[in-house]
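Asker: Below is one structure. I have some questions about it.
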DNA sequence: TCTAATACGTACGTTATGGCACAGACGAAT
DNA sequence: ATTCGTCTGTGCCATAACGTACGTATTAGA
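Protein chains in written order, with our numbering: chain E, 7 to 265; chain B, 7 to 265.
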């Protein structure tokens, strides 16, 4: 039985790089989009944390204590089946927030949230987030909008899992991940990518090999770079574009609606 | 290319049965769970409508005009891929509501909502729902909780699509559907079920045939009955139980939280 | 520089599902 | 009762992805 290794990641727990000073809440798109008066309630309580690869931000059934707004970290929302296999239902990077159930009222989920790209995030405590959310102001509107974008991503994943090939899915996943990082290089083993996609490691190897042969990407031992973005987009299914478009529509330049 | 026929359903558009009088908003679990003072704002504006098989309650990208609270109808939330294939991302029956994007702020979705079991629903107009939602009272809490339950269902579907067999998925789908109807009999062709699950009709035939041979169900031309529920649950993946449990946890007897 | 651990490549058989084609069976309407 | 449209059963082949096994390459650290 093939079992997810996500929760077993044994990794060099690198200390956070020294340049914390380069971090700023505005690097997170949600925090940046927040009108000043709404940000005020959170600002003082934002805590900068370094998230290491493999850190589990929340576990199935356990109450969440914080909401996280990633800046350079990327977090994967996972489901693990009874048989031990896993899938990523959605990814969260600097465009979003981890901890939706906090304000939805459930406090827990049957899924888990695991860091798949180490980096920084700002976090706030559960009680404060709930309090600010209940003010029914800009924060609430923004978070609800974001939730809808997240739901779109999850739906698209469900469709993608059913109908698209591993190569298409890998392409989609790479594009979505690249959009969340500044470096232009994904640092991740094929084994971990396979866990995200819920496929065999060998299938990822084959797909990556194809993509490299086609000149879309280049990779070496735990590092992937995109060489030709357009070509990669052509090999991906429409799911990438759909998710992107919907995120743009919901979170884009549009001001928070004052209704 | 195999294409979803959901939107092409050509069906005898049966007139609604005469016993409308048997309908009542309380048949919908959300409306029933609503505290009196919260229900008051909606009550007068609820409109009873009969939903016919194949009716599309909303289409990709088109603004929703109403929210629907099914009583005897069942609605399928679908995604259609670029290639024309489809999947159900979630189903909505008397336990829920169709039209989450109304209060999430997006007004539209990239998916669609199609009636898969004809029946009744109460609906309210978009503006009214938004207004009542923004009161930040019991209705808001209830709808947010329900949204989380729905998200759970979608996530579970995503995992299920990846890892479980057609037979397991058919079993899960049947159980979820049975829970939403009073008659104990699902009225639906295998072709439509195949569209829901995003698989071939022949795969459904094979799976249904197995389940019948095992004594779990019995079926004839467009009608399926469950003979042995426990046996069917054993053949389903854990996804059914997970979704059920989470719905119970979030929406169960618990009173709306007054925080 | 060597070694061990880790990551990636490849290969072979198995299986579930898909695509397609067509036959048989049912049931509603004439 | 017959007819015709619809639904279901079955068979055949193609293929994508899986399970497993093992070999090779790269990197970190001694």
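A virtual CB, placed ideally from N, CA and C, is assigned to each residue, including glycine.
Predicted model only: the values in this text are computed from it and were never measured.
#1: Would you mind stating whether residue 256 of chain E and residue 151 of chain E have Cβ atoms separated by less than 8 angstroms?
#2: With burial defined as no fewer than 16 other Cβ atoms inside 10 Å of the residue's Cβ, what is the status of residue 53 of chain E: buried or exposed?
#3: Under a three-way DSSP split, which group does residue 169 of chain E fall into?
#4: So, is the C-beta of residue 103 of chain E closer than 8 angstroms to a C-beta in chain B?
#5: Among the candidates B/101, B/47, B/244, whose CA atom is the shortest distance from the CA of residue 140 of chain B?
#6: Ignoring anything shorter than 3 residues or poking outside the stretch 160-211 of chain E, list the beta strand (DSSP E) runs there in chain order.
#7: Verify the CB distance criterion: does residue 95 of chain E have a CB-CB separation below 8 angstroms to chain B?
#8: Which two residues bound the contiguous beta strand (DSSP E) that contains residue 54 of chain B?
#9: Give me the residue from E/77, E/94, E/78, E/220 with the minimum Cα distance to residue 85 of chain E.
#10: What three-state label does DSSP hand residue 101 of chain B in the structure shown?
#11: Since residue 237 of chain B is in the beta strand (DSSP E), which residue starts that stretch and which ends it?
#12: Thinking residue 196 of chain E and residue 210 of chain E are a contact (beta carbons under 8 angstroms), I'd like their distance in whole angstroms, please.
#13: Hey, quick one: how far does the alpha helix (DSSP H) through residue 135 of chain B stretch, first residue to last?
#14: Taking DSSP's pairing of strands, which residues face residue 249 of chain B in a bridge?
#15: Reducing DSSP to helix, strand and coil, say where residue 72 of chain B ends up.
#16: Could you check which residue in E/62, E/162, E/144 has the C-alpha nearest to that of residue 266 of chain E?
#17: So if DSSP puts residue 65 of chain B in a beta bridge, which residue, or which two residues, is it bridged to?
#18: Suppose you measure from the CA of residue 147 of chain B to the CA of residue 110 of chain E; what does that come to, to the nearest Å?
#19: For residue 229 of chain E, list the residues DSSP reports as bridge partners.
#20: Please confirm if residue 202 of chain E has its CB atom under 8 angstroms from at least one CB of chain B.
#21: Counting only Cβ-Cβ distances shorter than 9 angstroms, please list the residues of the stretch 228-248 of chain B near chain E, keeping chain order.
#22: Is the distance from the Cβ of residue 222 of chain B to the Cβ of residue 241 of chain B below 8 angstroms?
#23: Compare the Cα-Cα distances from residue 204 of chain B to each of B/168, B/235, B/216, B/253 and report the closest residue.
#24: Span of the beta strand (DSSP E) holding residue 83 of chain B?
#25: Could you pull out every residue in the same chain whose Cβ sits closer than 7 angstroms to the Cβ of residue 72 of chain B, ignoring the five residues on either side in sequence?
#26: Go ahead and label residue 44 of chain B buried or exposed: buried means 16 or more other beta carbons lie within 10 angstroms of its beta carbon, across all protein chains shown.
#27: Would you grab the beta carbon distance between residue 193 of chain E and residue 144 of chain E for me? Rounded to a whole angstrom, and I think it's under 8 angstroms.
#28: Can you give me, in chain order, the residues of the stretch 167-183 of chain E that have a beta carbon less than 8 angstroms from any beta carbon in chain B?
#29: When the Cα of residue 153 of chain B is compared with those of B/126, B/57, B/98, B/138, which residue comes out closest?
#30: Opposite residue 255 of chain B in the DSSP bridges: which residues?
#31: Over what stretch of residues does the alpha helix (DSSP H) that includes residue 35 of chain E continue unbroken?
#32: Across which residues does DSSP place residue 94 of chain B in a beta bridge pair?
#33: For a cutoff of 8 angstroms on Cβ pairs, would you count residue 91 of chain E as touching chain B?
#34: I'd like to know whether the C-beta of residue 143 of chain B is nearer than 8 angstroms to at least one C-beta of chain E.
#35: What is the C-beta distance between residue 164 of chain E and residue 164 of chain B, in whole angstroms, given that I count them as a contact (C-beta under 8 angstroms)?
#36: Is the Cβ of residue 224 of chain E closer than 8 angstroms to any Cβ of chain B?
Answerer: The short version:
#1: Counting from 1 along the first chain, the entry for residue 256 of chain E is found at position 250. Counting from 1 along the first chain, the entry for residue 151 of chain E is found at position 145. Pairing residue 256 of chain E with residue 151 of chain E gives a Cβ-Cβ distance under 8 angstroms.
#2: Reading the first chain from its first residue, position 47 is the one you call residue 53 of chain E. In this structure residue 53 of chain E is exposed. Its beta-carbon is surrounded by fewer than 16 other beta-carbon atoms within 10 angstroms.
#3: Sequence index remark: in the first chain, residue 169 of chain E carries index 163 (1-based). Looking at residue 169 of chain E - three-state DSSP - the assignment turns out to be helix.
#4: Within the first chain, numbered from 1, the residue matching residue 103 of chain E stands at position 97. Residue 103 of chain E does not count as touching chain B.
#5: Against the second chain, residue 140 of chain B aligns to sequence position 134. Nearest of B/101, B/47, B/244 to residue 140 of chain B, Cα basis: B/47.
#6: Listed in chain order, they are 191-193.
#7: Stepping through the first chain from its first residue, residue 95 of chain E is reached at position 89. So, interface residue.
#8: Counting from one through the second chain, the residue named residue 54 of chain B turns up at place 48. First-last of the beta strand (DSSP E) with residue 54 of chain B: 53-57.
#9: Numbered from 1 along the first chain, position 79 holds the residue referred to as residue 85 of chain E. If we check each option's Cα against that of residue 85 of chain E, E/94 comes out closest.
#10: Translated into positions along the second chain, residue 101 of chain B becomes position 95. Here residue 101 of chain B sits in coil by DSSP.
#11: For this step, residue 237 of chain B is matched to residue 231 along the second chain. Residue 237 of chain B -> not in any beta strand (DSSP E); alpha helix (DSSP H) instead, spanning 235-241.
#12: Position 190 of the first chain holds residue 196 of chain E. Position 204 of the first chain holds residue 210 of chain E. At roughly 4 angstroms, the Cβ-Cβ gap stays under 8 angstroms, so residue 196 of chain E and residue 210 of chain E are in contact.
#13: By one-based count along the second chain, residue 135 of chain B stands at place 129. Per DSSP, residue 135 of chain B belongs to the alpha helix (DSSP H) from 132-139.
#14: Within the second chain, the letter at position 243 stands for residue 249 of chain B. Beta-bridge partners of residue 249 of chain B (DSSP): none assigned.
#15: The sequence position of residue 72 of chain B within the second chain is 66, counting from 1. Residue 72 of chain B falls in the strand class under three-state DSSP.
#16: Absent from the model: residue 266 of chain E. The displayed extent of chain E is 7 to 265, so no value can be given.
#17: Taking the first residue of the second chain as position 1, residue 65 of chain B is located at position 59. For residue 65 of chain B, which the question treats as bridged, DSSP gives no partner whatsoever.
#18: As a first step, residue 147 of chain B is located in the second chain; it is residue number 141 there, counting from the start. As a first step, residue 110 of chain E is located in the first chain; it is residue number 104 there, counting from the start. In a straight line, the C-alpha of residue 147 of chain B is about 8 angstroms away from that of residue 110 of chain E.
#19: Here residue 229 of chain E corresponds to residue number 223 of the first chain, with the count starting at 1. E/193, E/226, per the DSSP bridge assignment.
#20: Reading the first chain from its first residue, position 196 is the one you call residue 202 of chain E. Residue 202 of chain E does not count as touching chain B.
#21: Of all residues in the stretch 228-248 of chain B, 243, 244, 245, 248 have a Cβ within less than 9 angstroms of some Cβ in chain E.
#22: The residue labelled residue 222 of chain B in the question sits at position 216 within the second chain. The residue labelled residue 241 of chain B in the question sits at position 235 within the second chain. It is a contact, given that the beta carbons lie within the stated cut-off.
#23: On the second chain, residue 204 of chain B is found 198 positions in, with the first residue counted as 1. It is B/168 whose Cα lies nearest to the Cα of residue 204 of chain B.
#24: Numbered from 1 along the second chain, position 77 holds the residue referred to as residue 83 of chain B. Segment 80-86, the beta strand (DSSP E) holding residue 83 of chain B.
#25: Within the second chain, the letter at position 66 stands for residue 72 of chain B. Closer than 7 angstroms at the Cβ level, and outside the excluded window around residue 72 of chain B, lie 105, 129, 130, 131, 132.
#26: Working through the second chain from its first residue, we reach residue 44 of chain B at position 38. Label assigned to residue 44 of chain B: buried.
#27: Taking the first residue of the first chain as 1, we reach residue 193 of chain E at position 187. Taking the first residue of the first chain as 1, we reach residue 144 of chain E at position 138. Residue 193 of chain E to residue 144 of chain E, Cβ: 35 angstroms. No contact.
#28: Cβ contacts with chain B: 167, 168, 169, 170.
#29: The count along the second chain starts at 1 and reaches residue 153 of chain B at position 147. The option with the nearest alpha carbon to residue 153 of chain B is B/98.
#30: Taking the second chain and counting its residues from 1, the one referred to as residue 255 of chain B is at position 249. Beta-bridge partners assigned by DSSP to residue 255 of chain B: none are found.
#31: Locating residue 35 of chain E in the first chain gives position 29, counting from the first residue. 35-39 is the extent of the alpha helix (DSSP H) around residue 35 of chain E.
#32: By 1-based counting over the second chain, the position of residue 94 of chain B is 88. Bridge partners of residue 94 of chain B: B/84.
#33: The residue labelled residue 91 of chain E in the question sits at position 85 within the first chain. Interface flag for residue 91 of chain E against chain B is set, since a Cβ pair is found closer than 8 angstroms.
#34: Mapped onto the second chain, residue 143 of chain B falls at position 137. Not closer than 8 angstroms to any Cβ of chain E, the Cβ of residue 143 of chain B fails to qualify, so no.
#35: If you number the first chain from 1, residue 164 of chain E lands on position 158. If you number the second chain from 1, residue 164 of chain B lands on position 158. About 4 angstroms separates the two Cβ atoms, so the contact holds.
#36: Position 218 of the first chain, counting from 1, holds the residue named residue 224 of chain E. At a cut-off of 8 angstroms, the C-beta of residue 224 of chain E has no neighbouring C-beta in chain B.
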